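Visitor: Line order of the protein sequences matches chains A and B.
Counting from 1 along the first sequence, just add 82 to a position and that's the residue number in the working numbering.
Counting from 1 along the second sequence, just add 153 to a position and that's the residue number in the working numbering.
Quick one: this structure, given as structure tokens, is what I'll be asking you about.
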Amino acid sequence: MNKQMQLADVVASLSDGMTIGIGGWGPRRKPMALVREILRSDLKDLTVVAYGGPEVGMLCAAGKVKRLVYGFVSLDFIPIEPFFRKAREAGGVVSSELDEGLLLIGLQAAGHRLPFLPTRVGLGSDVTSINPDLRMVTSPYDDGETLLAMPAIRLDAALLHVTRADRLGNTQTDGPDPYFDALFARAAARCYVTTEELVDRIDLAYPDKARSNLFERYLVTGVVEAPLGAHPTTAHDLYGWDAEHLREYAALAGEEGGWAKYFDRYVAGPESGYAERVGGAARVRGLPIPTF
Amino acid sequence: MTNASEFTLAELVVCAAAEAWRGGGEVLATGIGPLPRIAAGVAKLTFAPEILMTDGEAWLVEEPVPLGPRGDYKPKYSGWMPYSRVFDSVWCGRRHAMVTPVQVDRWGQGNIAALGDLKKPKVQLLGVRGFPGNSISHRNSMFLPSHTKRSFIEGEVDVVASVGFADRRWPQGVNKLPVDIGIVVTNLCIMDFNGPDHAARVVSLHPGVSFEEVQGETGFPLIRAETVATTPAPTEEQLAIIRRLDPTGIRATVIKGNPPGIRQAA
Numbered sequence: 083m084n085k086q087m088q089l090a091d092v093v094a095s096l097s098d099g100m101t102i103g104i105g106g107w108g109p110r111r112k113p114m115a116l117v118r119e120i121l122r123s124d125l126k127d128l129t130v131v132a133y134g135g136p137e138v139g140m141l142c143a144a145g146k147v148k149r150l151v152y153g154f155v156s157l158d159f160i161p162i163e164p165f166f167r168k169a170r171e172a173g174g175v176v177s178s179e180l181d182e183g184l185l186l187i188g189l190q191a192a193g194h195r196l197p198f199l200p201t202r203v204g205l206g207s208d209v210t211s212i213n214p215d216l217r218m219v220t221s222p223y224d225d226g227e228t229l230l231a232m233p234a235i236r237l238d239a240a241l242l243h244v245t246r247a248d249r250l251g252n253t254q255t256d257g258p259d260p261y262f263d264a265l266f267a268r269a270a271a272r273c274y275v276t277t278e279e280l281v282d283r284i285d286l287a288y289p290d291k292a293r294s295n296l297f298e299r300y301l302v303t304g305v306v307e308a309p310l311g312a313h314p315t316t317a318h319d320l321y322g323w324d325a326e327h328l329r330e331y332a333a334l335a336g337e338e339g340g341w342a343k344y345f346d347r348y349v350a351g352p353e354s355g356y357a358e359r360v361g362g363a364a365r366v367r368g369l370p371i372p373t374f
Numbered sequence: 154m155t156n157a158s159e160f161t162l163a164e165l166v167v168c169a170a171a172e173a174w175r176g177g178g179e180v181l182a183t184g185i186g187p188l189p190r191i192a193a194g195v196a197k198l199t200f201a202p203e204i205l206m207t208d209g210e211a212w213l214v215e216e217p218v219p220l221g222p223r224g225d226y227k228p229k230y231s232g233w234m235p236y237s238r239v240f241d242s243v244w245c246g247r248r249h250a251m252v253t254p255v256q257v258d259r260w261g262q263g264n265i266a267a268l269g270d271l272k273k274p275k276v277q278l279l280g281v282r283g284f285p286g287n288s289i290s291h292r293n294s295m296f297l298p299s300h301t302k303r304s305f306i307e308g309e310v311d312v313v314a315s316v317g318f319a320d321r322r323w324p325q326g327v328n329k330l331p332v333d334i335g336i337v338v339t340n341l342c343i344m345d346f347n348g349p350d351h352a353a354r355v356v357s358l359h360p361g362v363s364f365e366e367v368q369g370e371t372g373f374p375l376i377r378a379e380t381v382a383t384t385p386a387p388t389e390e391q392l393a394i395i396r397r398l399d400p401t402g403i404r405a406t407v408i409k410g411n412p413p414g415i416r417q418a419a
């Protein structure tokens, strides 16, 4: 069994109109190498599901997105993702804005093969008017409470970035917070991971790190070796988000033709040259992980 | 305990905001933004040692972590609070957040999501984020740095991100009992929504501010609490804690002009 793939293989296995979930949280642990490969492709009409960071803004700017399902789209130190804001204010994408927790519940329902899960989250708020398809359910027990029935968010594919992986599809993810990568993996028909480091057998190479395995390898379809593949987002514990790069990206959102400039400067050309284009591998490895 | 004679409005607000967590029990206290976060720290280090706090990322701490670059300071972790457990804390009701909506209305509803039409917003703001779930699950207090008719608006908020007491928003059979708004601290006063039928009520005025001024800056009618206090000056002990929790002075950047806590005569 060998699940190793190349970025181009993964993108070739995706098709127009698919629902794609992307792991990580804001500007943290995003599978950016895969996202850039999608940006270079002719894929289109995607539904993107995410706790969004720069990947959402970039996919919107490149015209890849038909519909967005999200809890938020933020660069944290730049609170509103600039190209996402632009797309929203232009009315360019269909937007299913959810409470952060509702997104979690929808993914959980999908992973457990349920049609929906009941919750109070969203009741009384405009989440129900933003998403008119949301329905209510009445508790069959004596309380008779009316609850929101959050439908399963089923993904055609999930894209995740991990710290280490092996060719069997075992993965390990460092960092203080697992976010909801495991829920994305479980909600998806297929899950592709990019990894900072690829080994033959993780049980032999990193036998003491099994606690940082977040989901089972039976969920993993393909593994792509992509060192620095989360740049410009944080990859715990290796490098922090690239504030300088993200500031430049955000400034370009305010310029005529700004996305084309960003694309030509950093995305165009093979991924193998990406680290050089953003200042070299040593620079990226030296980016500190921010504290708050 | 001696009250200080010189302090900024931001410092007065921090101490007023800390009161949100008094007597609320052993809950996860989340102060979002610099002043609410310092306020939670002041509460924990003085009258509310029972509250739980994080380092702003994924770890619980028993000693509040100062804002900004940490220098030599090394946080000591007492537990783990990744986002999945934040949601668990939210949904089980054991949390009290202090948040900063862009708009608040007479029903206590808050908006951080967008201005204008949702389908194509005039201004995209943060989105609803966790506000819907937070506000139907646990107590939330608010801090607004600029009390005007643009923040406390006349009509309903453009997007209801955090829920309130507008009856038409609540379908038959929904349990809205968990909706619980704590205090609303602004640059002018302290309010709550504990008037008749959850009407907004002024409970304390900052030094030199009149009820009429607050009403003039508010887009909906306010009720005067039976006794309207003057927001107390911080104590020297509180000021020392504030300086320790905010060594680089981020608090000076929150309220426009960083005015003194006691108004100067014009």
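We put the CB at the ideal spot given by N, CA and C, even for glycine.
Quick caveat, the model's predicted, so the values are computed rather than measured.
Could you check whether the Cβ of residue 204 of chain B sits closer than 8 angstroms to any Cβ belonging to chain A?
Guide: no
Visitor: What does residue 100 of chain A touch in chain B if you count any residue whose Cβ is under 9 angstroms from its own?
Guide: Going along chain B, no residue has its Cβ under 9 angstroms from residue 100 of chain A, so there is no contact; the nearest lies around 24 angstroms.
Visitor: Which residues does DSSP list as the beta-bridge partners of residue 168 of chain B?
Guide: For residue 168 of chain B, which the question treats as bridged, DSSP gives no partner whatsoever.
Visitor: Can you list the alpha helix (DSSP H) stretches of 4 or more residues lying completely in the region 204-255 of chain B, in chain order?
Guide: 236-244
Visitor: For residue 213 of chain A, I'd like the list of residues in its chain whose CB is within less than 6 angstroms of its CB, leaving aside the five on either flank, ordered along the chain.
Guide: 178
Visitor: Since residue 404 of chain B meets chain A, which of its residues come closer than 9 angstroms, beta carbon to beta carbon?
Guide: By Cβ distance, chain A contributes nothing, its closest Cβ being about 15 angstroms from residue 404 of chain B, past 9 angstroms.
Visitor: Using 8 angstroms as the threshold, is the C-beta distance between residue 249 of chain A and residue 290 of chain A below it?
Guide: no
Visitor: Using 10 angstroms around the beta-carbon of residue 416 of chain B, count the other beta-carbons present and answer buried if the total reaches 16, otherwise exposed.
Guide: By the neighbour-count rule (16 or more Cβ atoms within 10 Å), residue 416 of chain B is not buried but exposed.
Visitor: Could you tell me which residues DSSP puts in a beta bridge with residue 316 of chain A?
Guide: Residue pairing by DSSP puts residue 316 of chain A in a beta bridge opposite A/110.
Visitor: Kindly list, in the order they appear in chain B, the residues whose Cβ is closer than 7 angstroms to that of residue 78 of chain A.
Guide: Limits of chain A in this structure are 83 at one end and 374 at the other, which puts residue 78 of chain A out of reach.
Visitor: Does the beta-carbon of residue 313 of chain B have 16 or more other beta-carbons within 10 angstroms, so that it is buried, or is it exposed?
Guide: Taking all protein chains shown into account, residue 313 of chain B has 16 or more neighbouring C-beta atoms within 10 Å of its C-beta and is therefore buried.
Visitor: Less than 8 angstroms separating the beta-carbons of residue 285 of chain B and residue 209 of chain A?
Guide: Yes, they are a contact pair.
Visitor: For the region 190-274 of chain A, list the beta strand (DSSP E) runs that are entirely contained and at least 3 residues long, ordered along the chain.
Guide: 198-201, 217-220, 228-233, 237-248
Visitor: Considering only C-alpha positions, which residue in the set A/345, A/360, A/354 is nearest to residue 140 of chain A?
Guide: For residue 140 of chain A, the closest C-alpha among the options A/345, A/360, A/354 is that of A/345.
Visitor: Tell me which residue opens and which closes the beta strand (DSSP E) that residue 293 of chain B is part of.
Guide: Element bounds for residue 293 of chain B: 292-297.
Visitor: Would you report the Cα separation of residue 181 of chain A and residue 283 of chain B, rounded to the nearest angstrom?
Guide: 5 angstroms
Visitor: Take the Cβ of residue 330 of chain B as the centre, count every other Cβ of all protein chains shown within 10 Å, and call the residue buried at 16 or more, exposed below.
Guide: exposed
Visitor: By the DSSP assignment, the alpha helix (DSSP H) with residue 310 of chain A in it spans what residues?
Guide: Element bounds for residue 310 of chain A: n/a, residue is neither H nor E.
Visitor: Measuring CA to CA, which of B/211, B/251, B/205, B/244 is closest to residue 172 of chain B?
Guide: Residue 172 of chain B has its Cα closest to that of B/251, out of B/211, B/251, B/205, B/244.
Visitor: Quickly, what does DSSP pair residue 382 of chain B with across the bridge? List them, please.
Guide: B/357
Visitor: The beta strand (DSSP E) with residue 149 of chain A in it runs from where to where?
Guide: Unbroken beta strand (DSSP E) run through residue 149 of chain A: 147-155.
Visitor: In the DSSP assignment, what residue or residues form a beta bridge with residue 343 of chain B?
Guide: B/338, B/357
Visitor: What residues of chain B sit near residue 138 of chain A, judged by a beta carbon separation below 7 angstroms?
Guide: Residues of chain B passing the Cβ test: none, with the nearest at roughly 11 angstroms.
Visitor: Check whether the Cβ of residue 158 of chain A lies closer than 7 angstroms to any heavy atom of the ligand HEM, and answer yes or no.
Guide: Among the ligands in the structure shown, none appear at all, so the ligand HEM cannot be discussed.
Visitor: Does DSSP put residue 294 of chain A in a helix, in a strand, or in coil?
Guide: helix
Visitor: Run down chain A in chain order and give the residues with a C-beta less than 9 angstroms from the C-beta of residue 386 of chain B.
Guide: Residues of chain A passing the Cβ test: none, with the nearest at roughly 29 angstroms.
Visitor: Three or more C-beta pairs under 8 angstroms: does that hold for the region 103-115 of chain A against the region 265-278 of chain A?
Guide: Short answer: they touch.
Visitor: Rounded to a whole number of angstroms, what is the C-alpha to C-alpha distance between residue 171 of chain A and residue 138 of chain A?
Guide: 15 angstroms
Visitor: How many Å lie between residue 221 of chain B and residue 399 of chain B at the Cα?
Guide: In a straight line, the C-alpha of residue 221 of chain B is about 8 angstroms away from that of residue 399 of chain B.
Visitor: Looking only at its own chain, which residues have a Cβ that is under 6 angstroms from the Cβ of residue 264 of chain B, when we skip the five neighbours before and after it?
Guide: 254, 255, 256, 310, 311, 312, 314
Visitor: Residue 231 of chain B touches chain A at which residues, Cβ-Cβ below 8 angstroms?
Guide: Residues of chain A passing the Cβ test: none, with the nearest at roughly 14 angstroms.
Visitor: Can you say whether residue 245 of chain B is buried or exposed, counting buried as having 16 or more other CB atoms within 10 angstroms of its CB?
Guide: Looking at its Cβ environment, which holds fewer than 16 other Cβ atoms inside 10 Å, residue 245 of chain B is exposed.
Visitor: Mind checking the region 192-226 of chain A against chain B and listing, in chain order, the residues whose C-beta falls within less than 7 angstroms of any C-beta there?
Guide: Answer set for the region 192-226 of chain A: 202, 203, 204, 205, 206, 207, 208, 209, 212, 218, 220, 226.
Visitor: Using a C-beta cutoff of 8 angstroms, does residue 173 of chain A count as contacting chain B?
Guide: yes
Visitor: Would you call residue 194 of chain A buried or exposed, if buried means 16 or more other Cβ atoms sit within 10 Å of its Cβ?
Guide: exposed
Visitor: Which residue from A/162, A/232, A/94, A/258 puts its Cα closest to that of residue 320 of chain A?
Guide: A/258
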